[in-house]
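At position 130 of the sequence shown (counting the first as 1) the number is 130 in full-length UniProt numbering, and the numbers step up by one without a gap. See structure below.
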Amino acid sequence: MSKPVVAVVGFNGNLGRPIVNALTSHLFRNNFSLPVRVITRDSSKVKEDEYPASDVKFYEAHDLDTYVKALTGVNAVLDVRAVAALADLSLIEAAKKAGVTLYSPSDYGVDYYKAGEFRTLFKRKLDSAAHAKALGLQVVQFHTGFFLEGALKAVPKLIFVDPTNKTANYPGDGSQEVTFTSLRNIGQAVAGVLSHPFNEIPEQVYIGGDIRSIKETVQTYEQVTEISLQHQSKSVEDFVKVAQDHAAKGTLLAGFQDVLLALAVSTNSANFSDRVSNKLANPGDLFEWDTVSKIAPTLLSQK
Ligand SMILES: NC(=O)c1ccc[n+]([C@@H]2O[C@H](COP(=O)([O-])OP(=O)(O)OC[C@H]3O[C@@H](n4cnc5c(N)ncnc54)[C@H](OP(=O)(O)O)[C@@H]3O)[C@@H](O)[C@H]2O)c1
C-alpha cells in the first residue's frame with residue numbers, strides 16, 4: 001500500500017482535533033496521503049478554514065450510506081466517537097463495505113481486558129472490536145489510561161483528590177501506579193503508530209505519557225495548588241464496593257468514575273507499566289511526553 005488515507009470519525013469532541021493536528025503536523029504528514037478525512041455529524045460546528053483544504057476534507061455522515069460515501073478510498077478509520085455512538089455498528093459495517101483495511105475502535109482509556117468483574121461494563125467497546133474483527137477488518141485498539149487534562153483539571157476525583165473536602169483518599173501508601181496521557185500526546189501517538197506498515201501494528205497498543213503513583217500525583221496537586229490535603233486511607237474493598245453498588249443499582253453511568261477508581265486500585269487496568277508501546281508510537285523520540293508534573297502548573301492555574 002502506498003501512504004494510507006486516514007479518516008477520523010467524531011471530530012467535535014476531546015480527541016478529534018488532537019489526532020487531526022498530529023496527522024497533519026510536520027512530524028507525521030509525510031507518512032499519510034492527505035487530506036485526512038474528517039467525518040462529523042454536523043459540519044456547521046466546524047470552522048472550514050481551520051485547516052487548509054489540502055490537509056483536511058470534511059464529510060457530514062451519520063448512517064450506513066453516508067459513512068460508506070465518506071469512507072470509500074480510505075485505508076484506516078479512527079473511531080473517536082462518544083460511547084453513546086457505539087451502540088450503532090453502522091460505521092463498522094460501512095468501513096467493511098467501503099473496502100477499509102484497518103479500524104480502530106473508540107477505546108482511549110483503561111485496559112478493560114484486565115478489568116475482571118467490571119469488564120462487561122465496557123460492552124460497547126468490546127462489541128465494536130469484536131464486530132470489526134468478525135467482518136475481517138484489522139483492529140487496532142489504543143489504550144491511553146486517563147486523559148491527563150481531564151483527570152487533573154476537570155475530574156480531580158480521578159487523581160483521588162476531593163477538593164471540596166480537602167482530602168485525598170487512596171489505599172495503603174498510594175504506591176499503585178496510574179497511567180495518564182495528554183490529548184496532544186494521544187494524537188501524536190496515534191499518528192506515530194499509523195506511520196508503520198499496517199502489518200507491523202499490533203492489535204493492542206498501550207500508550208503511557210506518564211505512569212506514576214497515586215501518592216506522587218496527589219503531592220503534585222498539593223504543591224501546585226498550595227492546598228494541603230488530609231490524606232485518608234480508604235481500602236481497596238471500599239473502592240470496589242462503591243463500584244459494585246453502582247452496578248447493582250444500575251447507576252453505572254453516573255458512577256463511572258467510581259468504577260475507574262475501583263479498577264485503578266484493584267486491577268492493573270490503569271497501570272500500563274508492564275506493557276507500554278511508547279517506542280512504537282514515538283520512534284526516535286520525535287515528540288516529548290507530557291507528564292503530570294510538567295502540565296499541572298499550567299492546567300491548574302487556568303480558571
Ligand atoms: N481516558 C479518559 O480519561 C477518557 C475520558 C473521556 C473519554 N474517553 C474515551 O474517549 C472516547 C471519546 O470520548 P469523548 O468523551 O472524547 O467523546 P465526546 O467528546 O463526548 O464525543 C466525541 C464525538 O463523538 C461524536 N458523537 C457523539 N455522540 C454521537 C452519536 N450519538 N452518534 C455519532 N457520533 C456521536 C461527536 O462528534 P461530531 O459532533 O463531530 O459528530 C462528538 O464530538 C470514548 O471512547 C471515551 O470512552 C476517555
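A virtual CB, placed ideally from N, CA and C, is assigned to each residue, including glycine.
For residue i, the nearest candidate out of the options (CA to CA)
i: F11; options: N268, P4, E60; result: E60
i: H62; options: A87, A76, E237; result: A87
i: A53; options: T66, A95, V38; result: V38
i: G284; options: Y108, G192, K69; result: G192
i: E149; options: A95, L183, F122, K157; result: L183
i: I295; options: H231, V20, G209; result: G209
i: S104; options: L27, H143, T181, V224; result: H143
i: H246; options: L260, K153, S233, V6; result: L260
i: L126; options: V100, A151, V83, G99; result: V83
i: A76; options: Y206, V205, V100; result: V100
i: V178; options: P197, I201, A243, Y206; result: Y206
i: V9; options: F122, F58, T181, Q232; result: F58
Residues that residue i bridges to, as DSSP identifies them
i: I211; result: T179
i: D162; result: T167
i: H143; result: Y206
i: H231; result: A168
Counted within 10 angstroms of its Cβ, other Cβ atoms place residue i as buried (16 or more) or exposed
i: T164; result: exposed
i: F281; result: Note that residue 281 is Ala in the sequence shown here, rather than Phe. Buried.
i: S266; result: buried
i: D111; result: buried
i: E226; result: exposed
i: L253; result: exposed
i: Q154; result: According to the sequence as given, residue 154 is Ala; it is not Gln. Label assigned to A154: exposed.
i: G172; result: exposed
i: G187; result: buried
Endpoints, beta strand (DSSP E) assigned at residue i
i: K57; result: 56–60
i: N169; result: 167–170
i: H131; result: Element bounds for H131: not the beta strand (DSSP E) but the alpha helix (DSSP H), 123–134.
i: A243; result: Segment 236–249 is the alpha helix (DSSP H) holding A243; no beta strand (DSSP E) there.
i: Y103; result: 102–104
Run of the alpha helix (DSSP H) containing residue i, from where it starts to where it stops
i: V36; result: No alpha helix (DSSP H) holds V36; the beta strand (DSSP E) holding it covers 36–40.
i: A22; result: 16–23
Cα-Cα separation, residue i to residue j
i: I159; j: I211; result: 12 Å
i: F146; j: V74; result: 29 Å
i: P297; j: E288; result: 17 Å
i: L135; j: K69; result: 19 Å
i: D194; j: A248; result: For the record, residue 194 in the displayed sequence is Leu; it is not Asp. Cα-Cα distance, rounded: 40 Å.
i: D290; j: E117; result: 32 Å
i: L152; j: L299; result: 8 Å
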